[in-house]
Structures are given as structure tokens and as C-alpha cells.
Amino acid sequence: DTGVSQNPRHKITKRGQNVTFRCDPISEHNRLYWYRQTLGQGPEFLTYFQNEAQLEKSRLLSDRFSAERPKGSFSTLEIQRTEQGDSAMYLCASSLQTSREQYFGPGTRLTVT
Amino acid sequence: EDQVTQSPEALRLQEGESSSLNCSYTVSGLRGLFWYRQDPGKGPEFLFTLYSAGEEKEKERLKATLTKKESFLHITAPKPEDSATYLCAVQATADRGSTLGRLYFGRGTQLTVWP
Numbered sequence: 339d340t341g342v343s344q345n346p347r348h349k350i351t352k353r354g355q356n357v358t359f360r361c362d363p364i365s366e367h368n369r370l371y372w373y374r375q376t377l378g379q380g381p382e383f384l385t386y387f388q389n390e391a392q393l394e395k396s397r398l399l400s401d402r403f404s405a406e407r408p409k410g411s412f413s414t415l416e417i418q419r420t421e422q423g424d425s426a427m428y429l430c431a432s433s434l435q436t437s438r439e440q441y442f443g444p445g446t447r448l449t450v451t
Numbered sequence: 003e004d005q006v007t008q009s010p011e012a013l014r015l016q017e018g019e020s021s022s023l024n025c026s027y028t029v030s031g032l033r034g035l036f037w038y039r040q041d042p043g044k045g046p047e048f049l050f051t052l053y054s055a056g057e058e059k060e061k062e063r064l065k066a067t068l069t070k071k072e073s074f075l076h077i078t079a080p081k082p083e084d085s086a087t088y089l090c091a092v093q094a095t096a097d098r099g100s101t102l103g104r105l106y107f108g109r110g111t112q113l114t115v116w117p
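In the order they appear, the protein sequences are chains B and F. Residue 339 is where the first sequence starts when you use my numbering, and the numbers rise one by one after that. Residue 3 is where the second sequence starts when you use my numbering, and the numbers rise one by one after that.
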């Protein structure tokens, strides 16, 4: 069990550029979650997949954000036309459908200049 | 709206000085309360899940308890390596079209233990 992995760990981009992050969940975990965390705050829910189906999206997830989980394995989170307010740590978590515990990856730190 | 409030925001303890962190919550129905530890620049690390009032869980120097409105994380004889931010989160029962997935987090308590 290698845990949840996320790539890249750090991303610096200029305002207006598009970025994509990848999350590989713990193997056999069929639920996958994306959260966003800014300095001094707790993580905030963005979206949630069960297998390949996206079951819930937060209103924080504007039209510039899109998430996919093809084949129910890894997931990608894309942000189009980045803004300075998008600077944050993007966290991915996974869980079994039969378990309530969510296990987090190390996060991707995004800085928009 | 579902809410989680943690106190204090920051806590400094001398090594060996026991204390408690508080997490109060307001949810439409509690499905689970979770404690996580987060080190700087890293993702949250799962510690405990509590499901019903009266439940207690222990791990090394940490003990988590749950009542109908709040949870406590007791730290007994802390060591410098216990320094971290401790996050509390709740999962609510499904209502208003929400699925059973999302966690609602508090802002955390930043614990510093000095030798």
C-alpha cells in the first residue's frame, strides 16, 4: 500500500495559464475526493467521485475547474485561466465505499503569479 | 449550515504538560467525526474516527472523545514531535441532495510543544 500520490508537488504558473494536477488513489479505493486548502484554513471540499462517476460538486468549483476520473482509477483536476485567488494547496483523498475514513495525499501547492 | 469550530487556534505546551483541544460542531445529523494531524506542507494524516456520543479512541499519547455537540482531543505528556496542526472534521448524514462524501473541516489548532 503506497498511499495516495499527487503530482506535481509544486506548480508555479502565470495568471491566465491552464494547469492540470493528477491524483492516484490507494489501490482498490473506489471513492476519490478533491479539497482545497489556503493558509490558516481547513481543507474545503471541491468534488467527489465514486468510481468514474462525479457525484457531487461544491459551489466553490467554478466553471474554470473541471475534474475527471476516467476508468475509475486516477483523477485529474484542471484549472483554466488561473487567477491569483486560485493559489492554494490542492489535496486529494480516497476511501473505500464501505469505510468512512478518507486518506489524504501530500497535496499540490499551486502559486499563481 | 453545517459548521465545525476548533479552539484554541494555537496552543503552546511544555514537554510533559497535558492539555485538551476542542472541536464543536453543528450538523444536521452526524455520520462521523474525524481527527487528523497535519505537518507543515503536507497532507492531513488520519488519526481517529468517532461515530456516537460517549465513544473514545486512543493512540499513544492521544485520546479522542465525543459528546453530542463536541469532541475533545486529549494530549497526555506531549513531546516535541507532537507539534503539528490538529484538524477536526465531520461527515453529515445525507440531506438536501448531498451525498455521503464530503468532510467539513474546522480551521485547526496549531500545537507547539517545546522541550
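Every residue, glycine too, gets a C-beta built ideally from N, C-alpha and C.
Exercise. Distance, Cα to Cα, residue 56(F) vs residue 357(B)?
Worked result: Going from the Cα of residue 56(F) to the Cα of residue 357(B) covers about 46 Å.
Exercise. Residues in its own chain within less than 6 Å of residue 427(B) by CB, not counting five upstream and five downstream?
Worked result: Excluding positions up to five away in sequence, the list reads 375, 445, 447.
Exercise. Per DSSP, residue 48(F) forms a beta bridge with which residues?
Worked result: When DSSP reads this structure, residue 48(F) sits in a beta bridge with 38(F).
Exercise. DSSP state of residue 62(F), grouped into three classes?
Worked result: In the structure shown, the three-state DSSP call for residue 62(F) is coil.
Problem set entry | Pairwise C-alpha distance: residue 360(B) and residue 345(B) | Those two C-alpha atoms are separated by around 5 Å.
For this session: Grab me the residues of residue 10(F)'s own chain with a C-beta within less than 7 Å of its C-beta, minus the 5 sequence neighbours each way, in chain order.
Result: So the qualifying residues of the chain are 111.
Exercise. Would residue 106(F) count as contacting chain A if we go by Cβ distances under 9 Å?
Worked result: Absent from the structure: chain A. Protein chains present are B and F.
Problem set entry | CB contact flag (residue 347(B), residue 451(B), <9 Å) | In this structure, residue 347(B) lies away from residue 451(B), with their beta-carbon atoms at least 9 Å apart.
For this session: Under 9 Å between beta-carbons, which chain F residues line up against residue 438(B)? List them in chain order, please.
Result: Residues of chain F whose Cβ lies closer than 9 Å to the Cβ of residue 438(B) are, in chain order, 33, 34, 36, 51, 53, 93, 102.
Exercise. Terminal residues of the continuous beta strand (DSSP E) containing residue 105(F)?
Worked result: Here residue 105(F) belongs to no beta strand (DSSP E), and DSSP marks it neither H nor E.
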